[in-house]
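Here's the structure, in structure tokens; my notes come after.
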Amino acid sequence: MTTPATPSFVAVERATAASRGALAAGIALALFAASLPFWGESSWMREFVEIACYFIFAMMWNLLAGYGGMVSIGQQAFFGFGGYAMLVLGNFAGLNPFVAIPLGALAAGLVAIPVSFIAFRLSGGYFAIGTWVIAEVFRLSFANVSAVGGGSGTTLTALRGIDKATRESVTYWMALGCVVAAVALVYLFLRSKRGLALLAIRDNEVAAESQGVPVARMKLAVYGVAAFGAGLAGALYFVGNLRISPDAAFSVNWSAFAIFMVVIGGIGRIEGPLVGALVFWALNKFLSDYGTWYLLGLGLLAIVTTLFFKQGLWGFAQQRWGWSLFPTQRRLVAGKP
Amino acid sequence: MLETLLQGVLLGGLYTLFALGQSLMFGVMRLTNTAQGDFIILGAFAVIAGVSLAGAAAPWLVALAVLPVAFGFGYALQRWVLNGTLGKDPLPSLVVTFGLSIVIQNLLLELFSADPRAIETGGLGTRGLAIGESLSLGVLPLIVLAVALVATGALQWLFAHTALGRSFRAVSDDREIAELMGLDAKKVYAFATAIAFVLIALAGALQGMRTTVSPSDGPLLLLFAFEAVIIGGMGSFWGTLAGAMILGIAQQVGFRLDPGWGIWFGHIVFLAVLVFRPQGLFPKTRG
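Residue numbers (our numbering), protein chains in the order written: chain A, 450 to 786; chain B, 56 to 342.
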């Protein structure tokens, strides 16, 4: 692609003051967070690991639905598969579970390729429910394998030799690393040429194809990356949890919470799941004692947001104040003459 | 073997009723109702609540009384909630119906607890009809099958031979042109959902009579309904019926082989149809 000659007094910019500040603050925050095991309490670390899994999963759902235009209710298939792959590698192949986390994610990414062959037969709303059926097939299949405990699940025994403090600190650092990596992966992917192609496909598939965007290949790539990320979240979650069962691993609640976080925060923007995860964490912390009423409220909140605030919280902030922490679009600004 | 087949067909009758509403709503306005199963369960609990409120009234009468309520509910839901979510982007309608699904599940859990319940039919549920020496079919499943056949035929007739059916087909084919011709698409959609909800309530009442229902059953029923629609092919109600039969038979065969794999086998048959004949077995329309 050739760039037309740019007049010297106009510059093309992507970064904004807010995004530069956010990058610096993000790095500082990540470094500060990395020191938590030396002064924090272990309950904080556990809480962080859990919310990190929710966040990574939501981030990947946002990539798939918000950018790829593929609304799925079946991403828990890859979440659970990543968890089980990690467990099998740890318990049976004798691998260190921390090493098995990225391998579990990779396994989930690879299994997404044959799965996509079936799932891509459907589109729109039917894709959503079709992926749910596929996740159910995963759940029922694992529930019938007695080597991994069948329907009642099994325990991650591979971590037995490691003492509790080390295990919790390493799990925490892994989670922190995965969060940073997931944000960076999605951001860099969207900034690249492929990201631009993805946005084109989301906005109009036929037009994108006619402009030479390889639609089928791009969709598969996004589906694979999202499955990898979901598998990463799953493998991480069950290292933190030490116990896996088909009902927990392949629960549709994972997708439900991801949808909630993304819709509340704002779909199709990287800040969306970040804000959504914070809101979800706060609601969960203070209101989850209300049980059914709490879940009912989450459902209602998602409905009301979709009907009346389609852009979500961050979308509102972006429209109102022009905030953008992870800008992917380029802007023309007047440069120095 | 014959018994398995017949049981599968009877189960298919129930699945037909689960699926017709889904087929209708998708056919008319391309709306995927992810709360389909939960609304079926809601219908069953409405009958249960009605029976206990009315004292010893016959469950059939209560079920009949619920149907017009369901019609009004469906009309209102479409007119004032779901119409706002329609469009090229499937996300709003999916999130709203999925949110409704969570709301219904937790509301029922709060009101009725997680215990499975059934609609008392005075022994009808256990009565059998002997056919030949060794074969016996339940009376209630036969009634369900008959209702399913009548409902499918009635829906097909409504689509083919009435003014309302014509308006359904018109807005489905091209909403803009239909509106230019003087149809109010939003009202037509509301009528489609109203009819779908009558079928949903019917399915719920019969499900509650045939077996037990609990608040968390909905999602599985949604998946069965969806599979029946896809196997049968979109746009044809007799196709949906055939799809439901195939799903029912597949599950029965699976259960026969191993009780742990029955539903799994049904899912696999569905996925196989998707791979080898993605348009479904008996498609009428495309898209």
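We treat Cβ as the ideally placed atom computed from N, Cα and C, and that holds for glycine.
Closest by C-alpha distance to residue i, when choosing among the options
{"i": "Y621(A)", "options": "S484(A), F566(A) and L571(A)", "result": "S484(A)"}
{"i": "S222(B)", "options": "S291(B), Q211(B), L238(B) and E231(B)", "result": "L238(B)"}
{"i": "F337(B)", "options": "G193(B), Y244(B), A299(B) and L179(B)", "result": "A299(B)"}
{"i": "A698(A)", "options": "A474(A), F591(A), A614(A) and A751(A)", "result": "F591(A)"}
{"i": "G714(A)", "options": "Q760(A), N540(A) and W488(A)", "result": "Q760(A)"}
{"i": "A209(B)", "options": "P314(B), Q306(B), S291(B) and F331(B)", "result": "S291(B)"}
{"i": "S572(A)", "options": "T87(B), I95(B) and M236(B)", "result": "T87(B)"}
{"i": "K242(B)", "options": "M56(B), L122(B) and V83(B)", "result": "V83(B)"}
{"i": "L691(A)", "options": "I578(A), I562(A), N540(A) and R666(A)", "result": "N540(A)"}
{"i": "A173(B)", "options": "I96(B), G309(B) and A203(B)", "result": "I96(B)"}
{"i": "A577(A)", "options": "T181(B), N138(B), L149(B) and I159(B)", "result": "L149(B)"}
{"i": "W581(A)", "options": "S521(A), G599(A), L750(A) and V711(A)", "result": "S521(A)"}
{"i": "F73(B)", "options": "G63(B), D93(B), R311(B) and L57(B)", "result": "D93(B)"}
{"i": "L166(B)", "options": "I103(B), V226(B) and G309(B)", "result": "I103(B)"}
{"i": "L261(B)", "options": "E231(B), A240(B) and L200(B)", "result": "L200(B)"}
{"i": "G183(B)", "options": "A113(B), E175(B) and G193(B)", "result": "G193(B)"}
{"i": "G717(A)", "options": "N511(A), Y503(A), G598(A) and F481(A)", "result": "N511(A)"}
Proximal chain B residues relative to residue i, where beta-carbon distance stays under 8 Å
{"i": "W703(A)", "result": "Near W703(A) there are no residues of chain B at all, since even the closest Cβ is about 13 Å away, more than 8 Å."}
{"i": "I522(A)", "result": "T89, L149 and F153"}
{"i": "R570(A)", "result": "L329, V330 and P333"}
{"i": "I716(A)", "result": "L146"}
Straight-line Cα distance separating residue j from residue i
{"i": "A131(B)", "j": "V124(B)", "result": "11 Å"}
{"i": "M535(A)", "j": "S618(A)", "result": "19 Å"}
{"i": "G335(B)", "j": "M289(B)", "result": "7 Å"}
{"i": "R570(A)", "j": "N653(A)", "result": "19 Å"}
{"i": "E188(B)", "j": "L108(B)", "result": "43 Å"}
{"i": "A526(A)", "j": "G673(A)", "result": "13 Å"}
{"i": "L219(B)", "j": "P333(B)", "result": "30 Å"}
{"i": "N161(B)", "j": "L744(A)", "result": "7 Å"}
{"i": "V629(A)", "j": "P722(A)", "result": "14 Å"}
{"i": "W763(A)", "j": "V724(A)", "result": "7 Å"}
{"i": "G154(B)", "j": "Q91(B)", "result": "12 Å"}
{"i": "Y70(B)", "j": "M667(A)", "result": "37 Å"}
{"i": "P663(A)", "j": "L513(A)", "result": "17 Å"}
{"i": "A542(A)", "j": "V548(A)", "result": "12 Å"}
{"i": "P196(B)", "j": "L66(B)", "result": "7 Å"}
{"i": "D612(A)", "j": "L625(A)", "result": "20 Å"}
{"i": "A726(A)", "j": "A507(A)", "result": "8 Å"}
{"i": "I693(A)", "j": "N733(A)", "result": "22 Å"}
{"i": "S601(A)", "j": "A557(A)", "result": "22 Å"}
{"i": "G342(B)", "j": "P145(B)", "result": "With a pLDDT of only 36 at G342(B), under the threshold of 50, the placement of this residue in the model should not be trusted, and no figure is reported."}
{"i": "Y533(A)", "j": "V688(A)", "result": "10 Å"}
{"i": "S168(B)", "j": "V711(A)", "result": "30 Å"}
{"i": "Q524(A)", "j": "T217(B)", "result": "43 Å"}
{"i": "A464(A)", "j": "V330(B)", "result": "45 Å"}
{"i": "W772(A)", "j": "A467(A)", "result": "7 Å"}
{"i": "T176(B)", "j": "F100(B)", "result": "14 Å"}
{"i": "K143(B)", "j": "R85(B)", "result": "9 Å"}
Chain A contact residues for residue i, given Cβ-Cβ distances below 7 Å
{"i": "W316(B)", "result": "N593"}
Beta-carbon neighbours of residue i, restricted to chain A and to distances below 8 Å
{"i": "V117(B)", "result": "Simply none; closest approach about 26 Å."}
{"i": "W319(B)", "result": "V586, L589, S590 and N593"}
{"i": "N161(B)", "result": "T741, W742, L744, L745 and G748"}
{"i": "T140(B)", "result": "T755 and L756"}
{"i": "L195(B)", "result": "Near L195(B) there are no residues of chain A at all, since even the closest Cβ is about 28 Å away, more than 8 Å."}
Neighbourhood of residue i by C-beta, 6 Å cutoff - its chain only, sequence neighbours within 5 removed
{"i": "G105(B)", "result": "V117"}
{"i": "V728(A)", "result": "I713"}
{"i": "G518(A)", "result": "R651"}
{"i": "M509(A)", "result": "A675, G678 and A679"}
8 Å Cβ shell around residue i - same chain, five flanking residues per side excluded
{"i": "A185(B)", "result": "S191"}
{"i": "L544(A)", "result": "L538, L552 and A607"}
{"i": "P365(B)", "result": "The structure shown does not extend to residue 365(B), since chain B is modelled only from 56 to 342, so the question has no answer here."}
{"i": "L57(B)", "result": "L190"}
Interface partners of residue i on chain A, CB under 9 Å
{"i": "E165(B)", "result": "G740, T741, W742 and L745"}
{"i": "F281(B)", "result": "Y575, I578, G579, W581 and V582"}
Chain-ordered chain B contacts of residue i [CB-CB under 7 Å]
{"i": "I708(A)", "result": "V150 and F153"}
{"i": "I567(A)", "result": "L326, L329 and V330"}
{"i": "V712(A)", "result": "V150"}
Proximal residues of chain B, C-beta to C-beta of residue i below 9 Å
{"i": "I693(A)", "result": "Within chain B, no residue comes near I693(A); the closest Cβ sits about 19 Å away, beyond 9 Å."}
{"i": "V629(A)", "result": "Within chain B, no residue comes near V629(A); the closest Cβ sits about 28 Å away, beyond 9 Å."}
Cβ-based neighbour list, residue i, same chain, cut-off 7 Å, excluding 5 preceding and 5 following
{"i": "F281(B)", "result": "Q77"}
{"i": "E658(A)", "result": "V664"}
To be precise: take each residue of the segment 578 to 599 of chain A, compare its Cβ to all Cβ atoms of chain C, and keep it if any distance is under 8 Å. Which residues remain? Here the protein chains are A and B, and chain C is not one of them.
Along the chain, which unbroken stretches of the beta strand (DSSP E) at least 3 residues long are found entirely within the segment 164 to 231 of chain B? DSSP runs (the beta strand (DSSP E)) wholly in the segment 164 to 231 of chain B: 183 to 186 and 190 to 193.
Output the residue ranges of the beta strand (DSSP E) runs that lie fully inside the segment 539 to 589 of chain A and measure 3 residues or longer, sorted by chain position. Fully enclosed beta strand (DSSP E) runs of 3 or longer: not present.
What are the start and end residues of each continuous alpha helix (DSSP H) run of 4 or more residues lying completely inside the segment 95 to 152 of chain B, in chain order? For the segment 95 to 152 of chain B, whole alpha helix (DSSP H) runs of length 4 or above, ordered along the chain, are 114 to 135.
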